[in-house]
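J.:
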DNA sequence: GCGACAG
DNA sequence: ATCTTGTCGC
């Protein structure tokens, strides 16, 4: 007998309600992250690369998530899915996953059914291992779904980094003390770098290679741009 | 106690 | 994240 809903896209029963529970869950789940693995070379895969993002309307207590699948080679949009729900957790630095993942899982599960297969890679807006407890949004989503994930953020959070060279592709280590937790990666010549980190089942080199491939025309990856536009539209539609 | 702080 | 007009430039 086949279950109607894939359990890999369901919220765990022990999903936290308080900050203390959330931190404790991160501490005991961080060991499940897999660093390294094989994903198809950027641009040569025959599968789909998925971008996820979330938008909020705190006035109406609404949250809208979007998951957009792009053809790994052409970057053309092949499938889209959205999910709307109630905001269930406040924004707390270090606990972003608990605010975004519920809606993201819903959208991702729907997208999987529409695609008819699992994505090659999921690109998240935020961090993976570059996190106070090495378990940011991208890593958490990866562990829950079992999918390869990466985190691409627009800000360095509290981490240190030297300014990368001026050209697209130039990068410098993102450091938490002496530990390298990710990379500051320049995706466009003379434009502010992005901050890339491993989510789950990928190497940092592949994470950066994919980010560059997806950010061919703009500073941000095409996956993130499409997902961002879609979740904003879904939020407006839900508000009206 | 003060400041910093992904989205 | 979100509140927000025009404006400079490709």
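In our numbering, the protein residues as written are 8 to 247.
Note that the Cβ used here is the ideal one computed from N, Cα and C, for glycine as well.
(1) Report the three-state DSSP secondary structure of residue 164 (helix, strand or coil).
(2) Buried or exposed: residue 231, going by 16 or more other Cβ atoms within 10 Å of its Cβ?
(3) Below 7 angstroms CB to CB, which residues in the same chain sit around residue 169 once its five sequence neighbours on both sides are set aside?
(4) Here's the rule: buried if 16 or more other CB atoms are within 10 angstroms of the residue's CB, otherwise exposed. What is residue 209?
(5) Quick check on residue 38: buried or exposed, where buried means 16 or more other Cβ atoms within 10 Å of its Cβ?
(6) Using a Cβ distance threshold of 8 angstroms, determine whether the segment 84-95 contacts the segment 231-241, with at least three qualifying pairs required.
(7) Quick check: residue 191 and residue 158, are their CB atoms within less than 8 angstroms of each other?
(8) Which stretch, first to last residue, makes up the alpha helix (DSSP H) that contains residue 229?
(9) What separation, rounded to the nearest whole angstrom, lies between the Cα atoms of residue 76 and residue 111?
(10) Look at the Cβ atom of residue 41, then the Cβ atom of residue 207, and state whether they are nearer than 8 angstroms.
(11) Look at the Cβ atom of residue 51, then the Cβ atom of residue 80, and state whether they are nearer than 8 angstroms.
(12) What residue ranges within the segment 79-123 form continuous beta strand (DSSP E) runs of no fewer than 3 residues, ordered along the chain?
(13) Report the option in 143, 134, 225 and 171 whose CA atom is closest to the CA atom of residue 251.
(14) Can you give the beta carbon distance from residue 115 to residue 16, rounded, assuming they're within the 8 angstroms contact cut?
(15) Once DSSP output is grouped into helix, strand and coil, what is the label at residue 62?
(16) From the DSSP secondary-structure annotation, give me the bridge partner or partners of residue 157.
(17) Let me make sure I understand the geometry here. Which of 174, 187, 24 and 233 has the alpha-carbon closest to that of residue 198?
(18) How many angstroms separate the CA atom of residue 100 from the CA atom of residue 139?
(19) Quick one: using the 10 Å Cβ neighbour count with 16 as the cut-off for buried, is residue 244 buried or exposed?
T.: According to the structure shown:
(1) One-based indexing of the first chain puts residue 164 at position 157. Coil at residue 164, not helix or strand.
(2) Taking the first chain and counting its residues from 1, the one referred to as residue 231 is at position 224. Buried: at least 16 other Cβ atoms inside 10 Å.
(3) Within the first chain, the letter at position 162 stands for residue 169. If we look at residue 169 and ignore the five residues flanking it on each side, its Cβ neighbours are 179.
(4) Working through the first chain from its first residue, we reach residue 209 at position 202. It is buried - the Cβ of residue 209 has at least 16 other Cβ atoms within 10 Å.
(5) Against the first chain, residue 38 aligns to sequence position 31. Answer is exposed; the Cβ neighbour count stays below 16.
(6) yes
(7) For the purposes of this step, residue 191 is identified with residue 184 of the first chain, where counting begins at 1. For the purposes of this step, residue 158 is identified with residue 151 of the first chain, where counting begins at 1. Contact: no.
(8) Looking up residue 229 in the first chain gives position 222. Where residue 229 is concerned, the enclosing alpha helix (DSSP H) stretches over 229-246.
(9) If you number the first chain from 1, residue 76 lands on position 69. If you number the first chain from 1, residue 111 lands on position 104. About 13 angstroms.
(10) Taking the first chain and counting its residues from 1, one reaches residue 41 at position 34. Taking the first chain and counting its residues from 1, one reaches residue 207 at position 200. Going by C-beta atoms, residue 41 is nearer than 8 angstroms to residue 207.
(11) Stepping through the first chain from its first residue, residue 51 is reached at position 44. Stepping through the first chain from its first residue, residue 80 is reached at position 73. Yes, they are a contact pair.
(12) 84-93
(13) A question about residue 251 goes unanswered here, because the residues of the chain that appear run from 8 up to 247.
(14) On the first chain, residue 115 is found 108 positions in, with the first residue counted as 1. On the first chain, residue 16 is found 9 positions in, with the first residue counted as 1. Correct: roughly 6 angstroms between the Cβ atoms.
(15) Position 55 of the first chain, counted from the start, is the residue given in the question as residue 62. If DSSP states are grouped into helix, strand and coil, residue 62 belongs with the strands.
(16) As a working note, residue 157 is residue 150 in the first chain. DSSP output for residue 157 lists 130 and 205 as bridge partner(s).
(17) Here residue 198 is taken as the residue at index 191 of the first chain, counted from 1. Among 174, 187, 24 and 233, the Cα nearest to that of residue 198 belongs to 174.
(18) By one-based count along the first chain, residue 100 stands at place 93. By one-based count along the first chain, residue 139 stands at place 132. Roughly 9 angstroms separates the two Cα atoms.
(19) Sequence index remark: in the first chain, residue 244 carries index 237 (1-based). The residue in question, residue 244, is exposed, as its Cβ has fewer than 16 Cβ neighbours within 10 Å.
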